[in-house]
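*Asks:*
There are 2 protein chains.
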Amino acid sequence: MALSDYFIRYLERRDRLTEAERARLESLKTRHERFEGGEVIVARDVIVNQSCLMLQGMSARVHDLPRGNGRVITALHVPGDFVDLHGFVLAGLEHTIVAMGPTEVEFVSHDQLHEITNDWPHLTRLLWMATTIDAAIHRQWLVAAASLRSSAHLAHLLCEVYTRLSAVGAARNYRFTLPLLQRDLANILGYSPIHINRAVRDLRERGLIRWSGTEVEILDWPGMVALARFQPDYLDMEKLGR
Amino acid sequence: MALSDYFIRYLERRDRLTEAERARLESLKTRHERFEGGEVIVARDVIVNQSCLMLQGMSARVHDLPRGNGRVITALHVPGDFVDLHGFVLAGLEHTIVAMGPTEVEFVSHDQLHEITNDWPHLTRLLWMATTIDAAIHRQWLVAAASLRSSAHLAHLLCEVYTRLSAVGAARNYRFTLPLLQRDLANILGYSPIHINRAVRDLRERGLIRWSGTEVEILDWPGMVALARFQPDYLDMEKLGR
DNA sequence: CTGATGCGATAACATTCGTTAGTCCGTGTT
DNA sequence: AACACGGACTAACGAATGTTATCGCATCAG
């Protein structure tokens, strides 16, 4: 199969592609695959020869703690994200990629990425940029963890996820599907599941959100943005030149 | 001036360089500069045309919070680190690079990096790898923040910094200089300065460290590693192929 | 229908962490 | 010498968060 539009649009939101570059991306051969919630998409410490692109659903980077001391999630990925592109330039991943709910992904072989880096320097810089945007999101999570309390911290995550989902057309009108349990949110934000529950209740009681099952609605976007001190500039760091 | 060996050795710890690649890196023209503690090395939101490489001392990525609500540090950099290499593929930095104590850095123009990405695909993949190692460190900080309590969290930072310093020959025998105030550690770990003080005292009382001024000595490395659940694999993710 | 299971919700209590206030000590200034 | 200043350190108290336990409500298997 050929590469879906998602990632191409992701790049085109940041820089202009030539026709030839676009055609080169569209000619990439991919393998399509579906996963159910909880399934491992990419295992850790395995030398892989492909990277995966999200098409539908949500996935997470999961770090298992030693001696069964739980797990920590360090990233969430939405359609259009090149989830483990960094695996191409590293020896492997130090974490697992896990499907959160049903997902569809496309695998691209590292051989093809190798060719692109040999022959398409501008495309290479854009791929590189995609991994540095992930790093910028990591940093923003660090800032949120260090400076926000539970409710505001949760609000920040919800603002970011909604912003990223709506950017790819996977959410609108401040409603979106969040295929995460409160336990998963605890693994992301670093609180106990009970405390996540308190934070959810707090946001509900403030009239900021409605949340039932996996369906979330943000009732007061400005209120959420203010509470979370959400400044989405880190999500769209456009590349100016070519 | 020409590029110092530091970054070349950084790359050679991860992959083999050809003679030509090494020569190309050594021929990079750089501008050398010194900074005193607290000085801004790279300002945020400014479109820069150069990236900086640490030679001596330590620098940090500082995120200023809105309305003077303090600051958060999301990364520390030691000699050999290409601190803001990610600025080359982004439109700018969403944070400031600040000198922690006296530092020496070398600036490399983006024009030269642009040439490398056009003509040296393998070198390009290695530069790219350097930014993804920074991202792996970000993730490890997220894991530590989500899973460790103050003392263990501080211990984890000390283990990482010592490991990175000793890898470039800037520390040995479990002693190193840490040019950070307790206030800076608070900005890194997300605690109040008072609580950092409690954590330092705790590590001291357990006989794990000695710490006076900016001089730190780890007395019980296995104890620190156990407390912090420190697994340094994320720091040396060797690239296998070329 | 019945029991088992998993998740959300809540309460009570324990622990960790933040805040405020203050002392001590070294450094630099006048 | 006298003083101001900043940082390390400490204590006391309050707020935020973790832990343990319990309940209700779905869903699913039999």
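Chains as they are written, first to last, in our numbering: chain A, 7 to 248; chain B, 7 to 248. Here a beta-carbon is modelled for each residue, glycine too, at the ideal position from N, C-alpha and C.
First and last residue of the alpha helix (DSSP H) that includes R207(B)?
*Replies:* 199–211
*Asks:* Do three or more CB pairs link the segment 85–95 of chain B to the segment 151–159 of chain B at distances below 8 Å?
*Replies:* Here the segment 85–95 of chain B does not lie against the segment 151–159 of chain B, with fewer than 3 beta-carbon pairs under 8 Å apart.
*Asks:* Tell me whether L187(B) sits in a helix, a strand or coil according to DSSP, three-state version.
*Replies:* When secondary structure is reduced to three states using DSSP, L187(B) falls in the coil class, being assigned neither helix nor strand.
*Asks:* Considering Cα atoms alone, identify which of Q237(A), G229(A), P185(A) is closest to W217(A).
*Replies:* P185(A)
*Asks:* Less than 8 Å between the CB atoms is what I'm expecting for V231(A) and C165(A), so what's the real figure, rounded?
*Replies:* 6 Å
*Asks:* Taking DSSP as the reference, what is the three-state secondary structure of D70(A)?
*Replies:* strand
*Asks:* At a CB-CB cut-off below 8 Å, which residues of chain B make contact with M135(A)?
*Replies:* Close to M135(A), with beta-carbon spacing below 8 Å, are these residues of chain B in chain order: V95, L96.
*Asks:* Just to confirm my understanding: we take L195(A), look at its own chain, exclude 5 residues before and 5 after, and list those with CB closer than 6 Å. What are they?
*Replies:* H159
*Asks:* Going along the chain, which unbroken runs of the beta strand (DSSP E) with 3 or more residues stay wholly within the segment 24–80 of chain B?
*Replies:* Listed in chain order, the beta strand (DSSP E) elements of length 3 or more contained wholly in the segment 24–80 of chain B are 36–41, 46–48, 56–70.
*Asks:* List the residues of chain A whose Cβ lies closer than 8 Å to the Cβ of D140(B), in chain order.
*Replies:* A141
*Asks:* With respect to 7 Å, is the separation between the Cβ of I53(B) and the closest non-hydrogen atom of the ligand SAH below this value?
*Replies:* This structure simply doesn't include the ligand SAH, nor any ligand for that matter.
*Asks:* Going by C-alpha to C-alpha distance, which of M64(B), L71(B), G74(B), E100(B) sits closest to H83(B)?
*Replies:* M64(B)
*Asks:* Specify the secondary structure class of S153(A) as computed by DSSP and reduced to three states.
*Replies:* The DSSP-derived three-state label of S153(A) is helix.
*Asks:* Would you say the segment 73–82 of chain B touches the segment 128–136 of chain B, given that touching needs at least three Cβ pairs under 8 Å?
*Replies:* no
*Asks:* Quick one: Cα of A105(B) to Cα of D87(B), how far?
*Replies:* 13 Å
*Asks:* Residues in the same chain with beta-carbon distance under 7 Å from E100(B), minus the five sequence neighbours each way, listed in chain order, please.
*Replies:* R50
*Asks:* Using DSSP bridges, identify the partner residues of F182(B).
*Replies:* V222(B)
*Asks:* Mind checking if L148(A) is an interface residue toward chain B, Cβ cutoff 8 Å exclusive?
*Replies:* yes
*Asks:* What residues from chain A crowd round G76(B), counting only those whose CB sits closer than 8 Å?
*Replies:* Going along chain A in sequence order, the residues near G76(B) (Cβ under 8 Å) are S153.
*Asks:* Look at E112(B) and L171(B) and say whether their C-beta atoms are less than 8 Å apart.
*Replies:* no
*Asks:* Would a check of beta-carbon distances place D239(B) closer than 8 Å to chain A?
*Replies:* yes
*Asks:* Along the chain, where does the alpha helix (DSSP H) that runs through V231(A) open and close?
*Replies:* Counting along the chain, the alpha helix (DSSP H) containing V231(A) begins and ends at 227–234.
*Asks:* Using beta carbons (cut-off 8 Å, strictly below), is E100(A) in contact with chain B?
*Replies:* yes
*Asks:* Using the Cβ count rule (16 or more neighbours within 10 Å means buried), how would you classify W227(B)?
*Replies:* exposed
*Asks:* Here's the rule I'm using: 16 or more other beta-carbon atoms within 10 Å means buried, otherwise exposed. How should R189(B) be labelled?
*Replies:* In summary, R189(B) is exposed, with fewer than 16 beta-carbon neighbours lying within 10 Å of its beta-carbon over all protein chains present.
*Asks:* Whose C-alpha, out of L119(A), G107(A), F41(A), is nearest the C-alpha of S33(A)?
*Replies:* L119(A)
*Asks:* Indicate the three-state DSSP secondary structure (helix, strand or coil) for A176(A) in the structure shown.
*Replies:* coil
*Asks:* Whose C-alpha, out of L31(A), L163(A), R235(A), is nearest the C-alpha of I143(A)?
*Replies:* L163(A)
*Asks:* Would you check if the distance between the CB atom of A141(A) and the CB atom of T24(B) is smaller than 8 Å?
*Replies:* no
*Asks:* To the nearest angstrom, how far is the alpha carbon of R235(A) from that of T169(A)?
*Replies:* 14 Å
*Asks:* Tell me which residue opens and which closes the alpha helix (DSSP H) that F94(B) is part of.
*Replies:* From DSSP, F94(B) is part of no alpha helix (DSSP H); its letter is neither H nor E.
*Asks:* For H83(B), which residues in chain A fall below 9 Å Cβ to Cβ?
*Replies:* Correct list: empty, because the minimum Cβ distance to chain A is about 13 Å.
*Asks:* How long is the line joining the alpha carbons of R114(A) and L241(A), rounded to whole angstroms?
*Replies:* Position check: residue 114(A) holds Val in this sequence, whereas Arg was assumed. For V114(A) and L241(A), the distance between alpha carbons rounds to 24 Å.
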